[in-house]
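Asker: Okay, here's the structure, questions in a sec.
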């Protein structure tokens, strides 16, 4: 079925185009619920405006808008009640059900809780899900009826405080993903975390000009038919709420998806939706003022005023069944298509490097000047750029599709990178180590400044021994949630790459002897374009190659999502030199020195060393010097 979009609402068309793409090109997969899905991994971002200029040129206040889909009427009251339930930190589905919102009833039922091994829970007690993590991250969960005031980390309060008092902070993050609590949850979070970005007024702006607030949300699992329309509106409303209490202007909501899927029993209803022409999104307003509402806990459901025109400027709702697992899902493999979605629009790795160079050029030419960056250096930054995509394998003979595959890694060729340093750091992370001296012994000093006495003291971590970078990166990869003797309430270097999600493509029917293909998505909250990001990309590629090696699959694709992408001002001259260099070399190959069996015999991931990764011929332009910023 082909639908020719004619509407002017291009933002809703993004969503419809994605649905159409998944139905037409999605890989057919078994799923947890046994229903079956069509799925694409790491599709393009969806971006939604949250305000527009007022029709009155004398007014400094914009008109607020809400991305509530119009090609089917969305249950807005349910979205509002659920969001307030999250903000309250509540985890009892019966509280929502009493208000006529029953979207969590299936996951809070006796049968479902028992299937999750939560027989001790009362019906409706969902465990430490979304709201609990937002308001009490790290607290010990007991029951939905307990009072948790003062327990754990109130992430939502910290987000609001940072927006008010440290708006250029790159750590304004709200996370629902807590690996230690996942077994206690009725349902692990699909919308895992969001990052906020405050765009400050230009230097010569009028005093009345307010900062603009944007939100980026990463969703690991996206039910396009039923869940995503809810999620878009929910996080848009959350951004509106936070903007009101922080006296900022809601600007943009960006949605980045991992596994974007359509359940097979949603295909026909969605085809009906695809035939409809979108209306403009509705306008939105607050019924009470910021002073009347006060703080984030002061919102009521009757504060939200969605334009009454939404009912007439939207199509009727479309029923879709919610897929819920009871007991063991049907895990039989479903034969899949030969998925075109895995192939990149690039055939030469020099063109993949060009993505990075285009991003760097965009930042230095049009990035917002962030003069309040810690350290006083200053930087230019953009928020939520298009993702970077890299192939991790290629045919030995490009002219012969049946030729052998060789693994590749993306150390950039427009400046030589120290691959030996990168692989040693990666191996150190894989072993779960946190002692920077273990790296220094191998001549790798990338963590020495961040573990110095002066730096630790400046972070308020006087209790940590020098050279101890606390439970960062590798410790979280290997021991998330474990007690750490050196960790109290701080972390020397909060992680910049904060998430890796993997996706396994089954072999095609036409090549039964072929191995599955493994892709990886990374989300990086803060990306130092010149110095840090090139290292981080290679680290993520090595991780994907290692996981593929240990699971007898083939590393296929790396997709890199970025929140705050910035170039320090004192890096700009060297970066411009790099941008002037020609792209003439391909990325090098990489091979594993030990077999999977040898690695498992020697201690699995605890035995990983830098020499396990053997780089092929690496041709690159001379290195460039960039000063690190702590």
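Residue numbers (my numbering): 13 to 642. Note that the Cβ used here is the ideal one computed from N, Cα and C, for glycine as well.
For residue 35, which residues of its own chain have a beta-carbon under 7 Å away from its beta-carbon, when the five flanking residues on both sides are left out?
Answerer: Mapped onto the chain shown, residue 35 falls at position 23. Excluding positions up to five away in sequence, the list reads 50, 274, 279 and 282.
Asker: Thinking just about the alpha-carbon of each residue, which of 144, 198, 229 and 86 is nearest to the one in residue 121?
Answerer: Numbered from 1 along the chain shown, position 109 holds the residue referred to as residue 121. Selected option, being the one with the closest Cα: 198.
Asker: Measuring only the C-alpha atoms, how far is residue 584 from residue 569?
Answerer: Here residue 584 corresponds to residue number 572 of the chain shown, with the count starting at 1. Here residue 569 corresponds to residue number 557 of the chain shown, with the count starting at 1. Taking the straight line joining both Cα atoms gives about 30 Å.
Asker: Which residues mark the beginning and the end of the beta strand (DSSP E) in which residue 298 is found?
Answerer: The residue given as residue 298 occupies position 286 in the chain shown. Residues 295-298.
Asker: Check whether the Cβ atoms of residue 156 and residue 164 sit closer than 8 Å, and answer yes or no.
Answerer: Within the chain shown, residue 156 is the residue found at index 144, counting from 1. Within the chain shown, residue 164 is the residue found at index 152, counting from 1. Contact: no.
Asker: Could you tell me whether the segment 631-640 touches the segment 576-592, where touching means 3 or more Cβ pairs closer than 8 Å?
Answerer: Because the criterion of three Cβ pairs below 8 Å is met, the segment 631-640 and the segment 576-592 touch.
Asker: With C-beta atoms as the reference, is residue 248 less than 8 Å away from residue 86?
Answerer: By 1-based counting over the chain shown, the position of residue 248 is 236. By 1-based counting over the chain shown, the position of residue 86 is 74. No, the Cβ-Cβ distance between residue 248 and residue 86 is not below 8 Å.
Asker: Spell out the partners DSSP gives residue 12 in its beta bridges.
Answerer: Residue numbering for the chain in the displayed model covers 13 to 642; residue 12 lies beyond these limits and cannot be assessed.
Asker: DSSP beta-bridge partners for residue 89?
Answerer: Looking up residue 89 in the chain shown gives position 77. Answer is none; residue 89 lacks a bridge partner.
Asker: For residue 22, which of helix, strand or coil comes out of DSSP?
Answerer: Here residue 22 refers to the residue found at position 10 when the chain shown is read from its first residue. Three-state result, residue 22: helix.
Asker: Tell me whether the segment 92-108 and the segment 134-152 touch, counting them as touching only if at least three CB pairs, one residue from each stretch, are closer than 8 Å.
Answerer: Touching, yes.
Asker: Specify the secondary structure class of residue 375 as computed by DSSP and reduced to three states.
Answerer: Counting from 1 along the chain shown, the entry for residue 375 is found at position 363. The answer is helix: DSSP assigns residue 375 an H, G or I state.
Asker: Runs of 3 residues minimum, wholly inside the segment 242-298: which ones carry the beta strand (DSSP E) assignment?
Answerer: Correct list: 261-275 and 295-298.
Asker: Quick one: using the 10 Å Cβ neighbour count with 16 as the cut-off for buried, is residue 166 buried or exposed?
Answerer: For the purposes of this step, residue 166 is taken as the residue at position 154 of the chain shown. The residue is buried, with at least 16 neighbouring Cβ atoms inside 10 Å.
Asker: Compute every distance between the C-beta of residue 107 and the non-hydrogen atoms of the ligand ATP, then say whether any falls below 7 Å.
Answerer: Within the structure as shown, the ligand ATP is missing, as the structure has no ligands at all.
Asker: Determine the DSSP secondary structure at residue 311, reduced to helix, strand or coil.
Answerer: For the purposes of this step, residue 311 is taken as the residue at position 299 of the chain shown. Looking at residue 311 - three-state DSSP - the assignment turns out to be coil, as it is neither helix nor strand.
Asker: For residue 184, count neighbouring C-beta atoms within 10 Å of its own C-beta (all shown protein chains included) and say buried if the count is 16 or more, exposed if not.
Answerer: Start at 1 with the first residue of the chain shown, and residue 184 comes out as number 172. The residue is buried, with at least 16 neighbouring Cβ atoms inside 10 Å.
Asker: DSSP three-state label for residue 229, please.
Answerer: Locating residue 229 in the chain shown gives position 217, counting from the first residue. Three-state result, residue 229: strand.
Asker: Considering only the alpha carbon of each residue, which of 434, 73 and 454 lies closest to residue 221?
Answerer: Reading the chain shown from its first residue, position 209 is the one you call residue 221. With distances taken between Cα atoms, residue 221 lies closest to 73.
Asker: Quick one: Cα of residue 539 to Cα of residue 334, how far?
Answerer: On the chain shown, residue 539 is found 527 positions in, with the first residue counted as 1. On the chain shown, residue 334 is found 322 positions in, with the first residue counted as 1. So the alpha carbons of these two residues sit roughly 38 Å apart.
Asker: Are residue 578 and residue 374 closer than 8 Å when you measure CB to CB?
Answerer: Walking along the chain shown from the start, residue 578 turns up at place 566. Walking along the chain shown from the start, residue 374 turns up at place 362. Cβ distance not < 8 Å, so residue 578 and residue 374 don't count as in contact.
Asker: Find the nearest neighbour of residue 609 within the set 214, 620 and 379, judged by alpha-carbon distance.
Answerer: Counting from one through the chain shown, the residue named residue 609 turns up at place 597. Of the candidates 214, 620 and 379, the one whose C-alpha sits nearest the C-alpha of residue 609 is 620.
Asker: Which residue marks the beginning of the alpha helix (DSSP H) containing residue 434, and which one marks its end?
Answerer: Here residue 434 refers to the residue found at position 422 of the chain shown. Residues 431-442.
Asker: With a cut-off of 8 Å on the beta carbons, I'd call residue 558 and residue 504 a contact; round off their distance for me.
Answerer: Looking up residue 558 in the chain shown gives position 546. Looking up residue 504 in the chain shown gives position 492. That pair is no contact at about 25 Å.
Asker: Using a Cβ-Cβ cutoff of less than 8 Å, which residues in the same chain neighbour residue 369 once the five nearest sequence positions on both sides are dropped?
Answerer: Counted from its first residue, the chain shown places residue 369 at position 357. Once the five neighbours on either side are set aside, the close Cβ partners of residue 369 are 426, 590, 591 and 595.
Asker: Please look up how many angstroms separate the CB atoms of residue 443 and residue 617, rounded, as I've assumed it's under 8 Å.
Answerer: In the chain shown, the residue the question calls residue 443 occupies position 431. In the chain shown, the residue the question calls residue 617 occupies position 605. Indeed, because the Cβ distance is near 7 Å, the residues count as touching under 8 Å.
Asker: Can you find the residues in the same chain that come closer than 6 Å, C-beta to C-beta, to residue 26, ignoring five residues on each side of it along the sequence?
Answerer: As a working mapping, residue 26 is identified with position 14 in the chain shown. Excluding sequence neighbours, residue 26 sits near 58.
Asker: Which residues bound the beta strand (DSSP E) around residue 533?
Answerer: For the purposes of this step, residue 533 is taken as the residue at position 521 of the chain shown. Per DSSP, residue 533 belongs to the beta strand (DSSP E) from 529-540.
Asker: From residue 7 to residue 575, what does the alpha carbon distance come to, in whole angstroms?
Answerer: Outside the displayed range of the chain (13 to 642) lies residue 7, so it cannot be described from this structure.
Asker: What three-state label does DSSP hand residue 45 in the structure shown?
Answerer: Position 33 of the chain shown, counting from 1, holds the residue named residue 45. Residue 45: coil per DSSP, three-state reduction.
Asker: What is the DSSP secondary structure of residue 332, counted as helix, strand or coil?
Answerer: Residue numbering aside, residue 332 sits at position 320 when the chain shown is read from its first letter. DSSP places residue 332 in coil when its eight states are reduced to three.
Asker: For the segment 202-221 and the segment 170-185, state whether three or more C-beta atom pairs, one from each stretch, are separated by less than 8 Å.
Answerer: Yes, the segment 202-221 is in contact with the segment 170-185.
Asker: Using DSSP bridges, identify the partner residues of residue 206.
Answerer: Here the question's residue 206 lines up with position 194 in the chain shown. BP columns for residue 206 point to 186 and 229.
Asker: Could you give the distance in angstroms between the alpha-carbon of residue 492 and the alpha-carbon of residue 513?
Answerer: Sequence index remark: in the chain shown, residue 492 carries index 480 (1-based). Sequence index remark: in the chain shown, residue 513 carries index 501 (1-based). Residue 492 and residue 513: Cα-Cα distance of roughly 16 Å.
Asker: According to DSSP, what are the bridge partners of residue 419?
Answerer: For the purposes of this step, residue 419 is identified with residue 407 of the chain shown, where counting begins at 1. BP columns for residue 419 point to 405.
Asker: Does DSSP put residue 124 in a helix, a strand or coil?
Answerer: Counting from 1 along the chain shown, the entry for residue 124 is found at position 112. Of the three classes helix, strand and coil, the one that applies to residue 124 here is helix, per DSSP.
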